[in-house]
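Sequential numbering of the sequence shown, starting at 622, is according to the numbering used here.
We put the beta carbon where it would ideally sit given N, CA and C, even for glycine.
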Amino acid sequence: MAQLPATDYEFAEWKLARVSLDYHIELAGFFYSVPHKLIREQVDTRLTARMVEIFHRGKQVAVHERRYNGRSHGTNPDHMPSSHRSYAEWSPERFSHWALSIGRETEGLIVAILARHRHPEHGYRTCLGVMNMFKKLEPARAERVASRAVAIGAFNYKSIASIIEHRLDATGTDDGPESILTHPNLRGPQYFLQ
C-alpha cells in the first residue's frame with residue numbers, strides 16, 4: 622500500500638477569466654490583480670478555500686489569498702505599471718505634510734480638495750497637479766493662491782491654474798459692494814414698514 626500524501630486534499634475550482642483594463646480579474650465578487658502586461662488576455666484561475674492562483678498559458682502568474690469579506694480589490698504593487706506604482710505611494714497624510722511645508726493656506730486647500738471626494742484617492746490627481754504648479758511659485762504666492770482658491774471654492778486644477786494665470790491672487794477678495802445701489806425701481810425697507 623502506498624503512503625498517504627504529505628498534504629491534505631484541497632478541493633479546487635477552475636474558471637476562465639479575462640483581465641480587465643485595470644489589470645484585475647473578478648472572481649466571486651472580488652477582484653485580484655495580475656501583471657499589467659496581461660490586460661485583455663484570458664487566464665485560467667484555480668480557486669481553493671484559501672488561495673486564488675492565476676495561470677496564463679500554463680504558467681502561474683499570480684497568487685492571492687482568497688477574499689470572503691473586507692476590501693473588494695486585492696492588488697499586488699508588482700503587478701502595477703510603474704506610473705501607477707508611484708501614484709500608489711501617496712496618501713492624504715503625505716499630501717497634507719507636503720502642503721504644510723509651504724504653509725497653512727496650502728494645507729487647507731489640499732485638505733479641502735481631498736474632502737470633496739468620498740474616496741480621497743479620487744483627489745490625488747488634482748493634488749499632484751497643484752504640487753507641480755506650486756513648485757514653480759514662491760511660497761508666499763502659493764499661499765495667496767491657496768487662500769484665494771479656498772475663498773472662492775476653486776478646488777479643481779483648472780480653477781487653480783486660472784487663479785495663477787490671471788494673477789487673481791494679487792487682488793483682494795470681493796465680498797460685494799460697500800453700499801447698495803439706488804435706483805427708482807428699488808423700494809427700500811421703509812416701503813414695507815407701512
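Q.
Relative to the C-alpha of F632, which candidate in V771, I731, T669 and A763 has its C-alpha closest?
A. Position 11 of the sequence shown, counting from 1, holds the residue named residue 632. The residue among V771, I731, T669 and A763 with its C-alpha nearest the C-alpha of F632 is T669.
Q.
Distance cutoff 8 Å, beta carbons only. Does L625 sit that close to anything in chain C?
A. Considering every chain present, this structure includes no chain C. It has just one protein chain.
Q) Among the residues of its own chain, which have a CB less than 8 Å from the CB of V664, if the five just before and after it don't count? A) For this step, residue 664 is matched to residue 43 along the sequence shown. Within the same chain, V664 has close Cβ partners L637, A638, R639, V640, I646, V655, I675, F676, H677 and V682.
Q) To the nearest angstrom, how far is it from the Cα of A739 to the Cα of S693? A) Position 118 of the sequence shown holds residue 739. Position 72 of the sequence shown holds residue 693. Note that residue 739 corresponds to Arg in the displayed sequence, not to Ala. R739 and S693: Cα-Cα distance of roughly 16 Å.
Q | C-beta atoms of R667 and E686 nearer than 8 Å | A | Looking up residue 667 in the sequence shown gives position 46. Looking up residue 686 in the sequence shown gives position 65. Contact annotation: R667 and E686 have beta-carbon atoms that are not nearer than 8 Å.
Q: Would you list, in sequence order, the uninterrupted alpha helix (DSSP H) runs of no fewer than 4 residues that lie entirely inside the segment 642-714?
A: Entirely contained in the segment 642-714, the alpha helix (DSSP H) runs reaching 4 residues are, in chain order, 703-709.
Q | DSSP state of L814 mapped onto helix, strand, coil | A | Translated into positions along the sequence shown, residue 814 becomes position 193. Here L814 sits in helix by DSSP.
Q: Quick one: give me the first and last residue of the beta strand (DSSP E) that L758 is part of.
A: Counting from 1 along the sequence shown, the entry for residue 758 is found at position 137. From DSSP, L758 is part of no beta strand (DSSP E); its letter is neither H nor E.
Q. For A733, which residues of its own chain have a beta-carbon under 7 Å away from its beta-carbon, when the five flanking residues on both sides are left out?
A. Along the sequence shown, one-based indexing puts residue 733 at 112. Cβ within range, chain order: V771 and F776.
Q: Just mark H718 as buried or exposed, buried being the case when its beta carbon has 16 or more other beta carbons within 10 Å.
A: Locating residue 718 in the sequence shown gives position 97, counting from the first residue. Classification for H718: exposed.
Q) So, helix, strand or coil for L637, using DSSP? A) Translated into the one-based positions of the sequence shown, residue 637 becomes position 16. For L637, the three-state secondary structure derived from DSSP is strand.
Q) Is A761 near F755, with beta carbons less than 8 Å apart? A) In the sequence shown, residue 761 corresponds to position 140, counting from 1. In the sequence shown, residue 755 corresponds to position 134, counting from 1. When the beta-carbon positions are compared, A761 and F755 stay at least 8 Å from each other.
Q) Between M622, R661, S703 and Y689, which lies nearest to L648 when the distance is taken from Cα to Cα? A) Here residue 648 corresponds to residue number 27 of the sequence shown, with the count starting at 1. When only C-alpha atoms are compared, the closest one is Y689.
(Q) Classify E714: buried if its beta carbon has 16 or more other beta carbons within 10 angstroms, exposed otherwise. (A) Within the sequence shown, residue 714 is the residue found at index 93, counting from 1. Exposed, because fewer than 16 other Cβ atoms sit within 10 Å of the Cβ of E714.
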